[in-house]
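Encoded structure:
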């Protein structure tokens, strides 16, 4: 039975995932902090960058709204709205330019009908409750010796892992598209523009890589837990 002692395998998984997540968050914060102090060469705010990209590229304009919080920028495909945080919307930094470009990269993905976007959208309802539901099934299944339920819990959690690994290339592609949009609009004029945008977008991608690896390690732990207690 899995209760009553500290699982050394779980301890390793816990510390590894904690370290991965911590390093990814430090990486994005350092990169954003560094390039949020550097003005982009066009001296445009994040909101102005968005309007410039709509004007100078083949993107169809979408609404730009404010988002509360820090680094809470995102694209809402349901309402076709890009929401920008304070640190992006009114900032004329290289970091703000990169973040806006990334979100508009997502806009372009939806406008061209990216296959990966369709797959992820299809999985969203299934993974909304996946972590909580799968954990409950695994714990109840092991506690009551209903191993079929525990295995179903593992299978349910695997949807979260698949979702995480589908999200990773989507985010990388959004950054690639965002960089191309900046280039097309003539906004990558200086070395600082290019290096800063690349650094911020790479750091952002690392957080999704960390999330995917963390989900995979957690799945391996659940598999080990179910197989060990049989």
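Residue numbers (our numbering): 437 to 666.
Ideal Cβ positions, reconstructed from N, Cα and C, are used throughout, including at glycine.
What you are looking at is a predicted structure, and each value in this text was computed from that prediction instead of being measured.
I'd like the list of long-range same chain contacts for residue 603, defined as Cβ closer than 8 Å, with 5 residues on each side in sequence excluded. Walking along the chain shown from the start, residue 603 turns up at place 167. Cβ within range, chain order: 556, 644, 647 and 648.
Tell whether a beta-carbon distance below 8 Å holds between residue 607 and residue 641. Here residue 607 corresponds to residue number 171 of the chain shown, with the count starting at 1. Here residue 641 corresponds to residue number 205 of the chain shown, with the count starting at 1. In contact: residue 607 and residue 641 (Cβ atoms closer than 8 Å).
Given a cut-off of 8 Å, decide if residue 531 and residue 466 are closer than it, judged by their beta-carbon atoms. By one-based count along the chain shown, residue 466 stands at place 30. By one-based count along the chain shown, residue 531 stands at place 95. No. Outside cutoff.
With 16 as the cutoff for other CB atoms within 10 Å, does residue 484 come out buried or exposed? Translated into positions along the chain shown, residue 484 becomes position 48. Under this definition residue 484 is a buried residue.
DSSP beta-bridge partners of residue 529: Locating residue 529 in the chain shown gives position 93, where the first residue counts as 1. The partner list for residue 529 (beta bridge, DSSP) reads 475.
Taking the C-alpha atoms as reference points, what is the distance between residue 575 and residue 501? The sequence position of residue 575 within the chain shown is 139, counting from 1. The sequence position of residue 501 within the chain shown is 65, counting from 1. Cα-Cα distance, rounded: 42 Å.
Grab the span of the alpha helix (DSSP H) containing residue 595 for me, first residue to last. By one-based count along the chain shown, residue 595 stands at place 159. It spans 583-620 - the alpha helix (DSSP H) in which residue 595 sits, taken as one unbroken run.
With a threshold of 16 other CB atoms inside 10 Å of the CB of residue 541, please say whether the residue is buried or exposed. Along the chain shown, read from residue 1 onward, the residue named residue 541 stands at position 105. Burial call: buried.
Taking only three categories from DSSP, how would you classify residue 440? Here residue 440 corresponds to residue number 4 of the chain shown, with the count starting at 1. For residue 440, the pLDDT reaches just 45, beneath the cut-off of 50, and the residue's location in the model is therefore unreliable, leaving the point undetermined.
Going by alpha carbons, who is nearest to residue 639 out of 600, 535 and 452? Position 203 of the chain shown holds residue 639. For the residues 600, 535 and 452, the minimum Cα distance to residue 639 belongs to 535.
Own chain residues within Cβ distance below 6 Å of residue 654, not counting five before or after: Residue 654 sits at position 218 when you count from the first residue of the chain shown. Closer than 6 Å at Cβ, skipping near neighbours: no residue.
For the candidate residues 567, 580 and 577, whose alpha-carbon lies nearest to that of residue 592? Residue 592 sits at position 156 when you count from the first residue of the chain shown. Nearest of 567, 580 and 577 to residue 592, Cα basis: 567.
Would you grab the beta carbon distance between residue 525 and residue 613 for me? Rounded to a whole angstrom, and I think it's under 8 Å. Counted from its first residue, the chain shown places residue 525 at position 89. Counted from its first residue, the chain shown places residue 613 at position 177. No, residue 525 and residue 613 are not in contact; Cβ-Cβ is about 21 Å, not under 8 Å.
Between residue 632 and residue 471, what straight-line distance do the alpha-carbon atoms span, to the nearest angstrom? One-based indexing of the chain shown puts residue 632 at position 196. One-based indexing of the chain shown puts residue 471 at position 35. Residue 632 and residue 471 have their alpha carbons spaced roughly 6 Å apart.
So, at 7 Å on beta carbons, what are the nonlocal neighbours of residue 474 in its own chain, with the 5 sequence-adjacent residues on each side left out? Residue numbering aside, residue 474 sits at position 38 when the chain shown is read from its first letter. Within the same chain, residue 474 has close Cβ partners 529, 530, 628 and 632.
Should residue 540 be flagged as near chain C, meaning a C-beta pair shorter than 8 Å? The structure shown has no chain C; it contains just one protein chain.
Environment of residue 589 [buried if 16+ CB atoms lie within 10 Å]: One-based indexing of the chain shown puts residue 589 at position 153. Its Cβ being crowded by 16 or more others within 10 Å, residue 589 is buried.
Any idea which residues DSSP pairs residue 500 with across the strands? Against the chain shown, residue 500 aligns to sequence position 64. Residue 500 is bridged to 518.
Strictly by DSSP, which residues pair up with residue 511? Indexing the chain shown from 1 puts residue 511 at position 75. Note: residue 511 sits in a beta bridge opposite 518.
Assigned exposure category for residue 664 - 16 Cβ within 10 Å defines buried: Counting from 1 along the chain shown, the entry for residue 664 is found at position 228. Residue 664 is exposed by the Cβ-count criterion.
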